[in-house]
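Q: According to the numbering used here, the sequence shown holds residues 3 to 1078 in order.
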Amino acid sequence: MAPRLQLEKAAWRWAETVRPEEVSQEHIETAYRIWLEPCIRGVCRRNCKGNPNCLVGIGEHIWLGEIDENSFHNIDDPNCERRKKNSFVGLTNLGATCYVNTFLQVWFLNLELRQALYLCPSTCNDYMMGDGIQEEKDYEPQTICEHLQYLFALLQNSNRRYIDPSGFVKALGLDTGQQQDAQEFSKLFMSLLEDTLSKQKNPDVRNIVQQQFCGEYAYVTVCNQCGRESKLLSKFYELELNIQGHKQLTDCISEFLKEEKLEGDNRYFCENCQSKQNATRKIRLLSLPCTLNLQLMRFVFDRQTGHKKKLNTYIGFSEILDMEPYVEHKGGSYVYELSAVLIHRGVSAYSGHYIAHVKDPQSGEWYKFNDEDIEKMEGKKLQLGIEEDLEPSKSQTRKPKCGKGTHCSRNAYMLVYRLQTQEKPTTAVQVPAFLQELVDRDNSKFEEWCIEMAEMRKQSVDKGKAKHEEVKELYQRLPAGAEPYEFVSLEWLQKWLDESTPTKPIDNHACLCSHDKLHPDKISIMKRISEYAADIFYSRYGGGPRLTVKALCKECVVERCRVLRLKSQLNEDYKTVNNLLKATVKGDGFWVGKSSLRSWRQLALEQLDEQDGDVDQSNGKMNGNTLNKDESKEERKEEEEELNFNEDILCPHGELCISENERRLVSKEAWSKLQQYFPKAPEFPSYRECCSQCKILEREGEENEALHKMIANEQKTSLPNLFQDKNRPCLSNWPEETDVLYIVSQFFVEEWRKFVRKPTRCSPVSSVGNSALLCPHGGLMFTFASMTKEDSKLIALIWPSEWQMIQKLFVVDHVIKITRTEVGDANPSETQYISEPKLCPECREGLLCQQQRDLREYTQATIYVHKVVDNKKVMKDSAPELNVSSSETEEDKEEAKPDGEKDPDFNQSNGGTKRQKITHQNYIAYQKQVIRRSMRHRKVRGEKALLVSANQTLKELKIQIMHAFSVAPFDQNLSIDGKILSDDCATLGTLGVIPESVILLKADEPIADYAAMDDVMQGKDRLVRGICCLTCQNEGELHRVTLLLLTSRKVLHDDRGVSYSIYIRSTDQGKDTDKN
């Protein structure tokens, strides 16, 4: 079929030879394209929108032929959600809780821990009623132990493929959308669980955490002189092993236990020798737990970036680990076998995915736990190769070869070993009766859900089959041919054939014209169907109005014919009008705007193309290119603001304008041609008088301009020095020739000068307006000292002779003057300056307080941060493009302005300020700009500007500084005006940081060798080996602070940058000391 535009032209080609009054029914049917040939399936590839008889490509292809039943629904088989035989149950990932799921699976497969938790007493008895469970409400665990009990029972006997741990996660107060540190979570939860179970009476329950996970080691320091040993015992639940620089797990353990020499400045104070001596220090393993957790420290702090990073180092480990060489007391059984490997997939320490490989203690088979998905490994072997291959890495390090019984991983962050000597479990852990009843109830709900889903699938299939039969029956009867027909929108037919959306009633209102018939321009989005099919559609789906053969609109066709004919003869009429305009007008004519004459052809084209624009918009909607509502509103508003033909000579009163330069007289013949295209244009015969009101206003305007010029000239002549800003008095250097000076507002002077310069454009100033300088009580708002300095830009000093002239020329609301008097008999006598009216102390104090409050309450204000070294401001070497040219301090660079010097920025802002109401509040608002202008800081090279708010904390500012200067928050020493900023929780407003402030940053020198830094963080160089764990529970939320006991650092931070003040018991050079 021909393109849509060709079909459009063919449908209206007859209008070139047929006049509007000669339009017949045949022309109407041609315009509506009634008799176009229908398209044939297979020949026409897509629907022809210009042909209402084309019913191909509207979505019928999916219904014609055989259809698979599964295509009638989008409901998965509920049996896919059923637990497979001899498999474990997965856990739902709630967003970023995969790290929680991995630990839950590891703890669940610890049979001793699971059995102990089942023995915990539960409040479930309050939930029980009689011999059963209350049916009207769900069971909600109250404690962490109850949550674990219920979760483990579901993991053991649920029929579901996976369960939802949201109750457990919510009870811990974890953010499901933010990934936490998995290793920290393990320590936190174990500490919380041990504290909870310690209150149980049953010893098997109370001591389960210590029996399973707790070991003991000692920090031993030996004096080289006398051999005295100093021991500090400590319990551990996991060993944190540094992996940097190592390839095997055994190397990491050896480094953890390696002996450290204390020599030189780091010598040990021996109490036996009573002096500092060389010594050695190391860790001795005294006892090991049944379950040995080895934390591989993959996530370390990168001091250069201020963030944690992941070490993608390959570490080899064996399935059998003999710990006897590392234990102080030999002879016991210390052979461990691998039971779990926890994996972090991802290159970043702040994102990625956690999975776990766990060995079933009963069958000895390995399983991979990946949230909802559980995969059994083949051959009872641990397989990590697939996980390593899937993980991209920046470094192309080749994976080392692993022998039998050994494995290598660059993503493993925790290894779990169990004593090999323990007896293999012979019987499964039994779920208590009350928990089993809860599990059975959940299983019953799951079975009901499966039945409901299966029924919904069946209903969808039945509904789809019925729709299939309906489409096959009706689609063959859709073409109208020569029989009676109706029109239905293409959009509705497509939705009827779309199985994904329910069919709505037919709505043809959008296709109607102003005569409530089918608009001829909408035929491209309509389809002509048989009356038989239309009857079935309306009987089944309803809607309307029905568009039969009577809906063809003759009025619209006739109007369109007239428009098309006008468009075709527009070029000829344009030439005719141009020739008529060249001739001299004889007799009466008509006034036409010159602007309208220049653009009348374009205006006529736009007016005739309006209907074509409507067609384009309707087609655009069908093509999915619907215009934005806001854009269409703006376009309509712009069109309304544009002047129509001959409206450019309309005055504001709707009459003929008085300016003859904007209009031209044209002949009657020219006007008749123009009126064919613009029948609604305003008509002004040559004998029409101009607007009488405009004449009066013009005459008054001329008189006012003359009056303003006369007033401006008189005032300029009367006050020449004030106008030219010459010979002005100054308070700081009082003139000897007078004892009285008068005061007016600078705003009044600036407005008056504007008027005198341009009297025809500006309104005359009638009043002095000194109320703006007074408070509501009538007192002066300025002191004599302030008027000589910061407030001098708000006032103008007037000589007495000038004041007499001002009183004659202007209305003076309040007289303000300063009088100089001599007091006392001494020589020289003391000079006093008295103001009338006097100063109002209360309002003056309120104004100053308001100014200070404004400086403390700001948002998105600019401050400047300058890095200093040796008390001199310099830029970082890493940013040479911003280096300063001098080491001169900021105080030396700031130059105070002389008194009375004008700030051009302030004058410019005040120049456009409108006169304000005389109130105290408005005066304060008027003062705000002055304060901020006078304190504007000129940024020098080397400073960095930051946007801050008054309610922002110092900690948040430090994070901004870290991104700007690459200095970690705990290495920042900030000060302002000599005051140290140290309270991280305080807001900038309370710390005295105001807009345009300059904050000095002095950074602690970082360690140049980052490898050495990692060694320090892991256990070398004056590090007291060990970790002190601080755990607290706040409204159900867990926080943990891992404290590295460095003798060189006293300030302790958690992973979020929060500082803590605690007492740490440590050994330093032989003395047991308490540090705050």
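Every residue, glycine too, gets a C-beta built ideally from N, C-alpha and C.
Please read these numbers as outputs of a predicted model, since none were measured by experiment.
To the nearest angstrom, report how far apart V742 and I818 are at their CA atoms.
A: Here residue 742 refers to the residue found at position 740 when the sequence shown is read from its first residue. Here residue 818 refers to the residue found at position 816 when the sequence shown is read from its first residue. When rounded, the distance between both Cα atoms is 10 Å.
Q: Measuring CA to CA, which of Y534, L514 and G334 is closest to I525?
A: Sequence index remark: in the sequence shown, residue 525 carries index 523 (1-based). When C-alpha distances from I525 are compared across Y534, L514 and G334, the shortest belongs to L514.
Q: Sorted by chain position, which residues of the same chain lie with C-beta nearer than 7 Å to L121's C-beta, five sequence neighbours on each side aside?
A: Taking the sequence shown and counting its residues from 1, the one referred to as residue 121 is at position 119. Hits under 7 Å: N204, D206 and V207.
Q: For P507, does the count of other Cβ atoms within 10 angstroms reach 16, so buried, or fall short, so exposed?
A: Within the sequence shown, residue 507 is the residue found at index 505, counting from 1. The residue is exposed, with fewer than 16 neighbouring Cβ atoms inside 10 Å.
Q: Assign G52 to buried or exposed, taking buried as 16 or more other Cβ atoms, counted over all protein chains shown, within 10 Å of its Cβ.
A: In the sequence shown, counting from the first residue as 1, residue 52 sits at position 50. Result: buried.
Q: Using a Cβ-Cβ cut-off of 6 Å (strictly less than) and excluding sequence neighbours within five positions of E148, which residues of its own chain qualify?
A: Start at 1 with the first residue of the sequence shown, and residue 148 comes out as number 146. If we look at E148 and ignore the five residues flanking it on each side, its Cβ neighbours are S124.
Q: With respect to the alpha helix (DSSP H) encompassing T578, which residues constitute its N-terminal and C-terminal limits?
A: As a working note, residue 578 is residue 576 in the sequence shown. Counting along the chain, the alpha helix (DSSP H) containing T578 begins and ends at L572 to K584.
Q: Note down, in chain order, each residue of its chain lying with its Cβ closer than 6 Å to the Cβ of P1083, except the 5 sequence neighbours on either side.
A: Because the chain here runs from 3 to 1078, residue 1083 falls outside it and cannot be looked at.
Q: Where does M964 sit, in a helix, a strand or coil, going by DSSP?
A: Here residue 964 is taken as the residue at index 962 of the sequence shown, counted from 1. If DSSP states are grouped into helix, strand and coil, M964 belongs with the helices.
Q: Could you check what DSSP says for D509 in three-state terms: helix, strand or coil?
A: Here the question's residue 509 lines up with position 507 in the sequence shown. D509 falls in the strand class under three-state DSSP.
Q: Excluding sequence positions up to five away, which residues of its chain have a Cβ less than 7 Å from the Cβ of D1011?
A: Translated into the one-based positions of the sequence shown, residue 1011 becomes position 1009. Residue placement at D1011 is flagged as unreliable, the pLDDT there being 41, under the threshold of 50; a coordinate-derived value is accordingly withheld.
Q: From this set, V746, L782 and Y866, which residue's C-alpha is nearest Q809's C-alpha?
A: For the purposes of this step, residue 809 is taken as the residue at position 807 of the sequence shown. Ranked by Cα distance from Q809, the options V746, L782 and Y866 are led by V746.
Q: Quick one: any contact between the region 658-675 and the region 708-726, if contact means 3 or more CB pairs under 8 Å?
A: no
Q: May I have a chain-ordered list of the beta strand (DSSP E) segments no shorter than 3 residues that lie completely inside the region 147-229?
A: 217-225
Q: Does the beta-carbon of S634 have 16 or more other beta-carbons within 10 angstroms, so that it is buried, or is it exposed?
A: In the sequence shown, counting from the first residue as 1, residue 634 sits at position 632. Only weak support exists for where S634 lies, its pLDDT of 47 falling under 50; the value from the coordinates is given anyway. Exposed is the call here.
Q: Looking only at its own chain, which residues have a Cβ that is under 7 Å from the Cβ of L243, when we skip the five neighbours before and after it?
A: Along the sequence shown, one-based indexing puts residue 243 at 241. The residues are C254, I255, F258, L296, Q297, L298 and M299.
Q: Does DSSP classify D267 as helix, strand or coil?
A: Locating residue 267 in the sequence shown gives position 265, counting from the first residue. DSSP places D267 in helix when its eight states are reduced to three.
Q: Is any heavy atom in the ligand ZN found nearer than 7 Å to the beta carbon of I698?
A: Judged by which ligands are present, the structure shown has none, so any question about the ligand ZN falls away.
Q: Note down, one range per segment and in chain order, each alpha helix (DSSP H) of at least 4 residues found wholly within the region 58-121.
A: 100-110 and 113-120
Q: Assuming I996 contacts L782 (C-beta within less than 8 Å), just tell me the rounded distance between them.
A: Position 994 of the sequence shown, counting from 1, holds the residue named residue 996. Position 780 of the sequence shown, counting from 1, holds the residue named residue 782. I996 to L782, Cβ: 27 Å. No contact.
Q: On the three-state DSSP scale, how would you describe M528?
A: Here residue 528 refers to the residue found at position 526 when the sequence shown is read from its first residue. Residue state, collapsed to three classes: strand.
Q: Quick one: what does DSSP say N912 is sitting in, helix, strand or coil?
A: What you label residue 912 is simply residue 910 of the sequence shown in a count that begins at 1. Here the model assigns N912 a pLDDT of 36, short of 50, so the residue's position is not dependable and the matter cannot be decided.
Q: Contact check, L235 vs E218 under 8 Å by CB: the rounded distance?
A: Locating residue 235 in the sequence shown gives position 233, counting from the first residue. Locating residue 218 in the sequence shown gives position 216, counting from the first residue. L235 to E218, Cβ: 6 Å. Contact.
Q: Please tell me whether V58 has its Cβ less than 8 Å away from any Cβ of chain B.
A: As a matter of chain content, chain B is missing from the structure shown, which is built from one protein chain.
Q: Between the beta-carbon of C1079 and the beta-carbon of C225, is there less than 8 Å?
A: Examination of residue 1079 is not possible in this model, given that the chain is present from 3 through 1078 alone.
Q: Three or more beta-carbon pairs under 8 Å between the region 363-383 and the region 443-462, yes or no?
A: no
Q: Write down the C-beta distance between V102 and V171 rounded to the nearest angstrom, noting that I regard them as a contact closer than 8 Å.
A: Sequence index remark: in the sequence shown, residue 102 carries index 100 (1-based). Sequence index remark: in the sequence shown, residue 171 carries index 169 (1-based). That pair is a contact at about 6 Å.
Q: Determine the contact status of I376 and F90, defining contact as a CB-CB distance below 8 Å.
A: To locate residue 376, count along the sequence shown from 1; it is residue 374. To locate residue 90, count along the sequence shown from 1; it is residue 88. Their beta carbons are under 8 Å apart, which means I376 touches F90 by this criterion.
Q: Pull up the distance between the alpha-carbon of Q181 and that of N95, whole angstroms please.
A: The residue given as residue 181 occupies position 179 in the sequence shown. The residue given as residue 95 occupies position 93 in the sequence shown. C-alpha separation (whole angstroms): 11 Å.
Q: Could you tell me if N912 is buried or exposed, where buried requires 16 or more neighbouring beta carbons within 10 angstroms of its beta carbon?
A: Walking along the sequence shown from the start, residue 912 turns up at place 910. Per-residue confidence for N912 stands at a pLDDT of 36, beneath the threshold of 50, marking its modelled position as unreliable; no derived number is given.
Q: I believe L106 touches L93 by the beta-carbon criterion, under 8 Å. Please report the beta-carbon distance rounded to the nearest angstrom.
A: On the sequence shown, residue 106 is found 104 positions in, with the first residue counted as 1. On the sequence shown, residue 93 is found 91 positions in, with the first residue counted as 1. The pair is a contact, with the Cβ atoms about 6 Å apart (cut-off 8 Å).
Q: Between which two residues does the alpha helix (DSSP H) holding G703 run?
A: Within the sequence shown, numbered from 1, the residue matching residue 703 stands at position 701. S694 to S720 is the span of the alpha helix (DSSP H), which, as asked, contains G703.
Q: Name the residue from F303, R269, R15 and S765 whose alpha carbon lies nearest to the alpha carbon of Q246.
A: To locate residue 246, count along the sequence shown from 1; it is residue 244. Ranking the options by Cα distance to Q246, first place goes to F303.
Q: Can you tell me where the alpha helix (DSSP H) holding T282 begins and where it ends?
A: Numbered from 1 along the sequence shown, position 280 holds the residue referred to as residue 282. From DSSP, T282 is part of no alpha helix (DSSP H) but of the beta strand (DSSP E) over A281 to S289.
Q: Starting from M458, trace the alpha helix (DSSP H) both ways and give me its first and last residue.
A: One-based indexing of the sequence shown puts residue 458 at position 456. For M458, the enclosing alpha helix (DSSP H) begins and ends at A435 to Y477.
Q: Residues bridged to D304 by DSSP?
A: Along the sequence shown, read from residue 1 onward, the residue named residue 304 stands at position 302. Answer is H309, bridged to D304.
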